[in-house]
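Structure, as structure tokens:
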Amino acid sequence: MQYMLLINEDESIYEGENGAKLMEETLAGHMALAQKLTEKGIEFSGERLKPGATATTIKWDHGKQSLHDGPFAETHEELGGFYIIDVASLDEALDWAKMLPIPGRGAIEVRPVWPMGE
Amino acid sequence: MNEASGLAAAIARARPRVVAALAAHLRDLDAAEDAFAEATAACLALKASPDNPPAWLLTVAKRKAIDAIRRKQAEIRAVDAAAMVNDMAEIIQLPEPIPDERLRLIFICCHPALAVEARAALAMKVICGLPVRAIAKVFVTSEATMFQRITRAKAKIHGAGVDFELPPRKAWNERLGAVLLTLELAYTVAYQDAGADLDPELSGEVARLSQMVAELLPGEAEALGLAALVALVRSREAARVDGDGAMVPLSKQDTSLWDETLIERARAWLDDAAKFGRTGPYQLMASIQLTHARRAFDGNTDWETILVLYDALLTVRPMPTVWLNRAVALANVEGVKAALEEIEKLPAGQLSSARPFHAARADLLARAGDRAGAISALDAALKLDPPRAERLYLERKRFDLDRS
Chain W
1 MQYMLLINED ESIYEGENGA KLMEETLAGH MALAQKLTEK GIEFSGERLK
51 PGATATTIKW DHGKQSLHDG PFAETHEELG GFYIIDVASL DEALDWAKML
101 PIPGRGAIEV RPVWPMGE
Chain Z
119 MNEASGLAAA IARARPRVVA ALAAHLRDLD AAEDAFAEAT AACLALKASP
169 DNPPAWLLTV AKRKAIDAIR RKQAEIRAVD AAAMVNDMAE IIQLPEPIPD
219 ERLRLIFICC HPALAVEARA ALAMKVICGL PVRAIAKVFV TSEATMFQRI
269 TRAKAKIHGA GVDFELPPRK AWNERLGAVL LTLELAYTVA YQDAGADLDP
319 ELSGEVARLS QMVAELLPGE AEALGLAALV ALVRSREAAR VDGDGAMVPL
369 SKQDTSLWDE TLIERARAWL DDAAKFGRTG PYQLMASIQL THARRAFDGN
419 TDWETILVLY DALLTVRPMP TVWLNRAVAL ANVEGVKAAL EEIEKLPAGQ
469 LSSARPFHAA RADLLARAGD RAGAISALDA ALKLDPPRAE RLYLERKRFD
519 LDRS
């Protein structure tokens, strides 16, 4: 089954004097994880997203649309990127999700992808 | 016992093993439960009981499940239909011994990805086959809510692709914590109201599940500890309520009514657990109860040991209820005055229920000779809607104080 790992992170940790170095380490962590997934023969894809400040949200309310500056959810954590991995079970997906580098506060939502034709 | 009720009991005993084997085979809890229910109905309809009910049930349930899958797929060709002709009466060859998949099923029902409040309920439903109505009663909620909770948990297992394999050993600790916690939750609920309004079958099932976990995981000290704890509390079931239906506090219980076999079993579990040298809250709680149980053999309660155990428990579980029980032990070691001082420091609002606080305080005040104080503490406890057995006990106590 395919699972999407939605990475929600506190962006502010990458600001300030230590921020750039921390970001470098986090990216290295992602590279290492991608390497591991490849070694295990697991099909995956993923992207890093630009900061929440660049987001625009279109809201729907029974046919009426309105544009908003910023991300959808008003939380301390922003959706910062995602993976889609193809593994056998939720348990495996959770094991991989636990390996993602989150230096500060964050949360990863793990969701099965609705299979085509089901 | 007549044959019909004997067979029903045999089916209930077989259930955990058979449903677990079915779930592992079918990888679907609903399908496993449905197939077992169908097999049970077929078994009860037989003219003569099968020699080996578990094996018979498993064989028939597997066939029923295959039928159900075929029906669902709507691909019943004439050949298959002919093969499906009901041949259950002629089952000659039974399968090899039923594989023990119970642990696997427990780990699935208590998967950490499921809502905490759903895990124990799901285990009781799937493994023990308790009706949703009874489970709702245990968790003090409506049948509709409980039904929804269990349905959601099953839908999550199915929809999110929870693994039906036994998790790797390294994942057991996390899972075991969830299993023990759910069992503790169920146990607390099943025993908290002094057995007055509860179906004894329910506390029996909690005990059965905790014993099963201990037997399946003999290397886990805390699993043994929890099983011992449940067995010890259960050993007093006959003594907890008197002829009028009033609660009998532990110190006043007639020890000849205690079940010595259960006490012995608990002691053996705790001895086994101690060999691992890894203590934990369940072992400590069980040790406290075992110390109380010794009164059945020598007539004495070793309060000093109990106090030391509560001190240890407080370091791993700094909860207001533990603090309260420690104060009660302290009263028997250093005296009522010291205990009252301790108890007054405890903010009653932090207790999940303030009733035990008022009841304990009433007892200590009465022992200290403060009759008026004791009566007002009893009134405070009685205002908090105690279950029947406890209410009768508190009312009687209040009556005695009023008269003295």
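Protein chains in written order, with our numbering: chain W, 1 to 118; chain Z, 119 to 522. Glycine included, every Cβ here is placed at the ideal spot set by N, Cα and C.
Would you verify that the beta carbon of residue i is, or is not, closer than 8 Å to some beta carbon of chain W?
i, result
"Z/Gly277", "yes"
"Z/Gly313", "Confidence in Z/Gly313 is poor, its pLDDT being 49 and thus under 50, which makes the residue's placement too unreliable to answer from."
"Z/Val203", "A caution first: Z/Val203 carries a pLDDT of 45, below 50, which makes its placement in the model too unreliable to give a value."
With 8 Å as the threshold, decide whether the Cβ of residue i is near any Cβ in chain Z.
i, result
"W/Leu90", "yes"
"W/Pro115", "no"
"W/Leu94", "yes"
Can you tell me whether residue i is buried or exposed, with buried defined as 16 or more other CB within 10 angstroms of its CB?
i, result
"Z/Met403", "buried"
"Z/Glu208", "In this predicted model, Z/Glu208 has a pLDDT of only 49, less than 50, meaning its place in the structure is not dependable enough to derive any value."
"W/Val87", "buried"
"Z/Met264", "buried"
"W/Lys36", "exposed"
"Z/Gly295", "exposed"
"Z/Phe415", "exposed"
"Z/Asp481", "buried"
"Z/Phe475", "buried"
"Z/Ser260", "exposed"
"Z/Lys165", "exposed"
"Z/His229", "buried"
"W/Gly80", "buried"
"Z/Pro336", "exposed"
"W/Ser66", "exposed"
"Z/Val331", "buried"
"W/Phe72", "exposed"
"W/Glu25", "exposed"
"Z/Phe517", "exposed"
"Z/Leu427", "buried"
"Z/Ser353", "buried"
"Z/Thr177", "buried"
"W/Trp119", "Residue 119 of chain W cannot be examined here, being either before or after the span of chain W that is shown, 1 to 118."
"Z/Ser405", "buried"
"Z/Gln191", "exposed"
"Z/Ala199", "Only weak support is given to the placement of Z/Ala199: the predicted model assigns it a pLDDT of 49, under 50, and the value that follows is read from those uncertain coordinates. Flag for Z/Ala199 reads exposed."
"Z/Ile245", "buried"
Assuming residue i and residue j make a contact with CB atoms under 8 Å, what is their CB distance in whole Å?
i, j, result
"W/Leu90", "Z/Val280", "5 Å"
"Z/Leu303", "Z/Ser328", "With 8 Å as the limit, Z/Leu303 and Z/Ser328 do not qualify as a contact, their Cβ atoms being about 12 Å apart."
"W/Ile84", "W/Ser45", "5 Å"
"Z/Ala154", "Z/Arg131", "Just to set this straight, residue 154 of chain Z is Phe in the shown sequence, not Ala. Contact doesn't hold; Cβ gap of about 13 Å is too wide."
"Z/Ala349", "Z/Arg383", "6 Å"
"W/Glu11", "W/Gly41", "Between W/Gly41 and W/Glu11 the Cβ distance is about 33 Å, and since that is not below 8 Å, they are no contact."
"Z/Trp376", "Z/Ala411", "7 Å"
"W/Arg111", "W/Tyr3", "7 Å"
"Z/Ile275", "Z/Ile224", "Not confirmed; about 13 Å, so no contact."
"Z/Leu500", "Z/Leu510", "The Cβ separation is near 11 Å, so there is no contact."
Starting from the beta carbon of residue i, find every residue of chain W whose beta carbon is closer than 9 Å, and list them in chain order.
i, result
"Z/Ala231", "Leu90, Asp91, Leu94, Val110"
List the residues of chain Z that residue i touches, going by C-beta distances under 8 Å, in chain order.
i, result
"W/Met191", "The structure shown does not extend to residue 191 of chain W, since chain W spans only 1 to 118, so no value can be given for it."
List, in chain order, every chain W residue whose beta-carbon is nearer than 7 Å to that of residue i.
i, result
"Z/Gln285", "First, the amino acid is wrong: residue 285 of chain Z is Pro here, not Gln. Asp91, listed in chain order."
Would you say residue i touches the ligand MN, meaning its beta carbon is less than 7 Å from a heavy atom?
i, result
"Z/Phe282", "Within the structure as shown, the ligand MN is missing, as the structure has no ligands at all."
Residue ranges of each alpha helix (DSSP H) run of no fewer than 4 residues wholly in the region 258-339 of chain Z, ordered along the chain?
261-277, 290-309, 318-334
As an exercise, report each continuous alpha helix (DSSP H) stretch of at least 4 residues that is fully enclosed by the region 350-438 of chain Z, in chain order.
378-392, 399-411, 413-416, 421-434
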